[in-house]
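Report on one structure; see the data block that follows.
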Amino acid sequence: MLGCANNVPQDRSTGPDGKQKGAKAIVLAQNEGKAGGVVTYPGGDRIDWRVIQLPEGERGQLDLTMTYTTPRPGLRVSFDIFDQWNMPVTPASTSGGRSRTRSATVKKAAGKYYVRIYAPRRGDAGTYKLTAAFVPDEKPPIFNPLDIEVSAPPKLPAVPDAPVACTTHDPANPECEQTCAPGAPTTWKGCPQASSVVVTPPTPPTPPPVVANPITARLVKKDTVGGAIEITLLVGKSSGIDKSWKAQVLRGETTTALPGGAGQIVSVDRAKTIVRVSLTPDQLTANPNVLLSP
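Put into structure tokens, the structure is as follows:
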């Protein structure tokens, strides 16, 4: 007599995890998680779904490794991966032997991933253990301008004290040497002999104006604005700088002007100056010093 094999529906005995919407979560603890189970085509539980939620805002490499054991040689268990939009990501590799291993790697992984573990052919069945490991990418350091060492600006030259007018006789006041101020004796060299006329002291000279010296500052930030580069310097009005000053990028660590490095001061506040230049970011990286002069 001839007979036919019992054709069991592949999902006759499966649970909610037999469909993607019923996927069981693999919870990551310290970026690692594990899951296990049994899939069997003859037993009507062909597929198990698992879901992995990666840490919020993280991106990195997701490694999945599955080991499985079949009740007899020649049977197989496999898995594949889908992203949160249900698009296939990468197939699993395989290695031979009775106790088998399959693995897959997702680079630049982020968000949520679904894993489908299944018995590929009629008659396939096995017990599996699935391990997930996530390695986040290193994040670039946060730029903090306060971490940059900036040399102190040069000190301004000392300004001499304005002369004190000789309105009352004071031998210690140089302005009284040739002045016959009130209270001066008739024999004082600034007074005419045998004369009681008091000489009116001259108007004191106007003190010389304060001369601002050039200042060399190091750029701490570069921004592209409308096709030009704007650089930020940590000096400002507290150092005597205003928008009428001139800016010149220097060559390397020298005091020589860089050709084409003339800039325009676009804004100045108490401790910051922004200069617009016509150089490239690479040129500014190689020549970070700027001379500011009145």
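For reference, each letter of the sequence shown is one residue, going 8 to 301 in this note's numbering. Backbone N, C-alpha and C define an ideal beta-carbon position, used for all residues, glycine too.
What's the C-alpha gap between residue i and residue j?
| i | j | result |
| --- | --- | --- |
| residue 295 | residue 219 | 23 angstroms |
| residue 61 | residue 273 | 45 angstroms |
| residue 29 | residue 80 | 31 angstroms |
| residue 192 | residue 198 | 8 angstroms |
| residue 21 | residue 66 | 34 angstroms |
| residue 201 | residue 182 | Since pLDDT at residue 201 reaches only 42, below the 50 mark, its modelled position is unreliable, and the value read off the structure follows with that caveat. Going from the Cα of residue 201 to the Cα of residue 182 covers about 22 angstroms. |
| residue 238 | residue 63 | 34 angstroms |
| residue 128 | residue 49 | 10 angstroms |
| residue 222 | residue 212 | 30 angstroms |
| residue 142 | residue 71 | 12 angstroms |
| residue 194 | residue 208 | 17 angstroms |
| residue 188 | residue 176 | 5 angstroms |
| residue 82 | residue 27 | 24 angstroms |
| residue 122 | residue 108 | 15 angstroms |
| residue 97 | residue 43 | 21 angstroms |
| residue 138 | residue 150 | 37 angstroms |
| residue 69 | residue 243 | 49 angstroms |
| residue 130 | residue 90 | 29 angstroms |
| residue 186 | residue 269 | 53 angstroms |
| residue 162 | residue 301 | 15 angstroms |
| residue 178 | residue 196 | 11 angstroms |
| residue 115 | residue 160 | 46 angstroms |
| residue 190 | residue 210 | 19 angstroms |
List the whole-angstrom C-beta distance separating residue i from residue j, where the pair is believed to meet the contact cut-off of C-beta under 8 angstroms.
| i | j | result |
| --- | --- | --- |
| residue 158 | residue 235 | Actually they do not touch by this definition, with Cβ atoms about 27 angstroms apart. |
| residue 140 | residue 38 | 7 angstroms |
| residue 57 | residue 31 | 6 angstroms |
| residue 255 | residue 264 | 5 angstroms |
| residue 299 | residue 252 | 5 angstroms |
| residue 293 | residue 259 | 7 angstroms |
| residue 257 | residue 297 | 7 angstroms |
Verify whether the separation of the beta carbon atoms of residue i and residue j is less than 8 angstroms.
| i | j | result |
| --- | --- | --- |
| residue 120 | residue 88 | yes |
| residue 59 | residue 25 | no |
| residue 77 | residue 132 | yes |
| residue 227 | residue 155 | yes |
| residue 51 | residue 23 | no |
| residue 135 | residue 34 | no |
| residue 100 | residue 110 | yes |
Say the cut is 7 angstroms; is the CB of residue i nearer than that to a heavy atom of the ligand COA?
| i | result |
| --- | --- |
| residue 279 | Questions concerning the ligand COA fall outside what the structure shown contains, since it holds no ligand whatsoever. |
Relative to the alpha-carbon of residue i, which residue among the options has its alpha-carbon at the smallest distance?
| i | options | result |
| --- | --- | --- |
| residue 233 | 283, 94, 209, 263 | 283 |
| residue 230 | 288, 167, 245, 135 | 288 |
| residue 168 | 180, 190, 162 | 180 |
| residue 4 | 222, 261, 277 | Not covered by the structure: residue 4. The range shown for the chain is 8 to 301. |
| residue 94 | 83, 113, 177, 108 | 113 |
| residue 275 | 262, 69, 257, 249 | 249 |
| residue 164 | 243, 247, 176, 178 | 247 |
| residue 261 | 225, 123, 97 | 225 |
| residue 152 | 279, 43, 301 | 279 |
- Message: Could you check whether the region 136-154 touches the region 162-173, counting it as contact only if at least three pairs of C-beta atoms, one from each stretch, sit closer than 8 angstroms?
- Response: no
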